[in-house]
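Chains as they are written, first to last, in my numbering: chain A, 1 to 126; chain B, 127 to 215. Note that beta-carbon positions come from the ideal geometry of N, C-alpha and C, so glycine has one too. Working notes, beginning with the structure itself.
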Amino acid sequence: MNLFAEVLISIALVISGLFGFVGSYGLIKLKNSLQRLHAPTKATTLGVGGVLIASMIFFYATTGYISVHELLISLFLFLTAPITANFIAKTYMAYNLREDELPENESGHGWAIYDDPPNTSSEPLD
Amino acid sequence: MIEYALLFAAGCYGIALLLDLWRIAVGPGPADRILALDTMVINVIALLVLYGIWRGTAIYFEAAMLIAMVGFVSTVAYCRFLLRGDIIE
């Protein structure tokens with residue numbers, strides 16, 4: 001393995017380690033629950049992305065083949081991180097906020113965790 | 127040089143796991159605990175990939191993939207259980 005690949009892998013590893021540490025440090029540092037939701041969903045996901053980039057460079061430099069497993073993992077993580085954040089925020093809202101504390105919704109229906117979805121209580125869809 | 131960078135990254139993710147454990151222990155409310163569990167799952171994926179780089183084998187990517195999928199499903203199931211009182215309605 002040449003020196004350029006080693007330097008590149010080391011930089012990616014150090015930066016991703018710092019990102020992962022900052023994500024979990026924000027989890028204990030920030031005050032409010034919804035503020036705490038901010039730190040791990042962004043920083044830790046980026047840290048895992050850095051580790052996967054380092055792994056791709058490493059296996060390309062040692063074997064000569066491009067491995068695509070890491071792309072699968074990173075694609076899955078980047079797809080599912082917003083969904084888990086949305087679910088956790090909904091759980092927090094359902095447990096800690098009343099309906100009259102929330103701002104008015106412009107769509108005509110209420111908030112999704114307090115009201116039924118549209119087109120279910122009346123006649124069924126065609 | 128890669129070995130030192132690997133040790134540094136693994137140390138960072140190990141300390142991050144301990145901080146998540148602290149948030150699970152003291153977290154005031156179920157949303158914080160679910161968030162800390164989800165962060166632990168992501169940190170464990172990173173540690174598995176780091177171990178795979180250290181060993182030089184590509185076996186651990188399948189394990190990381192499985193942990194990613196099961197971790198996402200478990201987080202959603204826990205949130206649904208707290209929101210609706212049931213997982214499959």
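Checklist entry - Is B/MET127 helix, strand or coil by DSSP? => result coil
Item to check | Assumed close pair A/GLY23, A/GLY50 - CB separation to whole angstroms, cut-off 8 Å | outcome: Rounded, the Cβ-Cβ distance is 12 Å, inconsistent with contact.
Next on the checklist: So, with DSSP's three-state summary, where would you put A/ASN86?
Outcome noted: helix
Checklist entry - So, B/ALA142 versus B/LEU176, is the Cβ gap smaller than 7 Å? => result no
Next on the checklist: Is A/THR45 close to the ligand ATP? I mean its beta-carbon at under 6 Å from any heavy atom of the ligand.
Outcome noted: For the structure depicted, the ligand ATP is absent and the ligand set is empty, with no information on it obtainable.
Checklist entry - Does the beta carbon of B/THR201 sit closer than 7 Å to a beta carbon anywhere in chain A? => result yes
Next on the checklist: Using a Cβ-Cβ distance cut-off of 7 Å, determine whether B/PHE118 contacts chain A.
Outcome noted: Chain B is shown only over 127 to 215; residue 118 of chain B falls outside these bounds and no answer can be derived.
Item to check | Pairwise C-alpha distance: A/ALA5 and A/THR84 | outcome: 35 Å
Item to check | Within 7 Å, strictly: CB atoms of A/PRO33 and B/ASP146 | outcome: Sequence inspection shows Ser at residue 33 of chain A; the Pro mentioned does not correspond to that position. No, the pair does not count as a contact, with Cβ atoms beyond the cut-off.
Checklist entry - Do the segment 62-77 of chain A and the segment 185-194 of chain B make contact, defined as three or more Cβ pairs closer than 8 Å? => result yes
Checklist entry - How many Å lie between A/PHE76 and B/ILE168 at the Cα? => result 11 Å
Checklist entry - By Cβ distance below 7 Å, which residues in the same chain neighbour B/ARG149 in space, the five residues on each side in sequence not counted? => result ASP158 and ALA162
Item to check | Presumed contact (8 Å Cβ cut-off) between B/THR165 and A/PRO82, rounded CB distance | outcome: So it is not a contact: roughly 15 Å between Cβ atoms.
Item to check | Cβ pair A/SER55, B/ILE179 closer than 7 Å | outcome: yes
Next on the checklist: Taking the alpha-carbon of B/TYR204 as reference, which of A/PHE78, A/LYS90 and A/SER74 has the nearest alpha-carbon?
Outcome noted: A/LYS90
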